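If you read the sequence shown in the numbering used here, its first letter stands for residue 4, the second for the next number, and so on.
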Amino acid sequence: MKILVVADYESMSNAAAQIVQGQIARDPRSVLGLATGSTPLGVYKTLAEYHRQGLDFAELTTFNLDEYVGLAADHPQSYRHYMQENFFSKVNIRPENTHIPNGAAQDLQAECLRYEQLMAEAGGIDLQLLGIGSNGHIGFNEPGTAFGSQTQVVDLTESTIQDNARFFATPQDVPTQALSMGIKSIMQAKAIVLMASGANKADAVHAALRGPVTPHVPASVLQLHPFVTFVVDQAAAGRL
Ligand code: F6R
């Protein structure tokens, strides 16, 4: 476990982008695991800048952690749309190499199995990027999720639904379920980078790194992974 404490959001984004760049330089055919939310926006911006300077994404494959149930790929709040807007459209990645669970699938259980199978067929994830929820969640694996879980349909907690409400026109539009890689799926990645920025993440970062390994703090499972780097800014490291 490596812990990199950097000054601020920008330094966090640069440090994580450099790790991704190193991975692509070592193996242009790498399989990356990707996250959405506010935390990785700076990483995607920096990677787009690296692309303008020549970094090639043509051979890369990506798998996103999660997607809302019930939102079509072109819905402005879908994670597919987020990825398209913030990253995929800015680099030369092949659309067919980008994978996100299909939250609009008819058969959600079958979609979860298909997603796990696709990751296995790709040879597994080489480098997984993660953010962390203020309750310690990773992906949409809320506190209490079994460490043995694989990609599954999850019910979002009331606090996550309320956090998301600001992005939707009416409370009825806010998704209450998501498809998410499970804890086991995440732990199968060969290397993991967790990023955290801001004082509202300080308790979660502290619990994940210094607390007991427990499903009550999903990110604490990362203490058991052999190749994890936490890249946290000073505010998020405030309780370490
Ligand atoms: C996103 C994801 C979530 C977020 C977490 C932090 O794909 O899986 O676990 O990483 O909720 O969100 P932000 O970065 O918005 O604070």
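Every residue, glycine too, gets a C-beta built ideally from N, C-alpha and C. This one's a predicted model, so the numbers in the text were calculated from it and none came from an experiment.
- No Cβ-Cβ contact shorter than 8 Å links Thr42 with Ala20.
- Contact check for Gly147 against Pro218 passes: the beta carbons are separated by less than 8 Å.
- Taking a 10 Å sphere around the C-beta of Met184, we find 16 or more other C-beta atoms and assign the residue as buried.
- Look at Val72 here: in three-state DSSP terms it is coil, with no helix or strand label.
- Rounded to the nearest angstrom, the Cβ distance from Glu70 to Pro104 is 4 Å, consistent with a contact under 8 Å.
- Judged by the Cβ position, Leu50 fails to qualify as a neighbour of the ligand F6R at the 7 Å threshold, every heavy atom of the ligand being at least this far.
- In the DSSP annotation of this structure, the continuous segment of the alpha helix (DSSP H) that includes Thr49 starts and ends at 44-55.
- In this structure the region 30-41 lies against the region 58-68, because at least three pairs of beta carbons, one per stretch, are closer than 8 Å.
- Judged by pairs of C-beta atoms under 8 Å, the region 79-88 does not touch the region 114-125, as fewer than three such pairs exist.
- For Leu159, no alpha helix (DSSP H) segment is defined, and its DSSP state is neither H nor E.
- Judged by DSSP secondary structure, Gly36 falls within the beta strand (DSSP E) whose first and last residues are 34-37.
- A straight line joining the alpha-carbon of Val208 with that of Gln56 spans about 34 Å.
- Secondary-structure assignment with DSSP links Ala125 through no beta bridge to anything.
- In this structure Ala181 is in contact with Val157, their Cβ atoms being roughly 5 Å apart against a cut-off of 8 Å.
- No Cβ-Cβ contact shorter than 8 Å links Asp59 with Pro98.
- Of the other Cβ atoms in all chains shown, fewer than 16 fall within 10 Å of the Cβ of Thr173; this residue is therefore exposed.
- Note that the C-beta distance between Tyr53 and Gln24 is below 8 Å.
- Note on geometry: alpha-carbon atoms of Thr154 and Asn100 lie some 19 Å from one another.
- Per DSSP, the continuous beta strand (DSSP E) segment holding Leu7 begins and ends at 5-9.
- Here Val72 has Gly106, Leu111, Val156, Pro178, Gln180, Ala181, Leu182 as same chain residues with Cβ atoms under 7 Å from its own Cβ, once five neighbours each way along the sequence are excluded.
- Cα atoms of Leu44 and Gly134: separation of roughly 11 Å, rounded to the nearest angstrom.
- Between Leu35 and Leu7, the C-beta gap is not smaller than 8 Å, which leaves the two residues out of contact.
- Of Leu132, Ile128, Ile96, Glu88, the smallest CA-CA separation from Val235 is found for Leu132.
- Here Ser183 carries a strand assignment [DSSP, helix/strand/coil].
- Listed in chain order, the non-local C-beta contacts of Gly142 below 7 Å within the same chain comprise Leu68, Asp69, Ser183, Met184, Ile189, local neighbours out to five positions each way being set aside.
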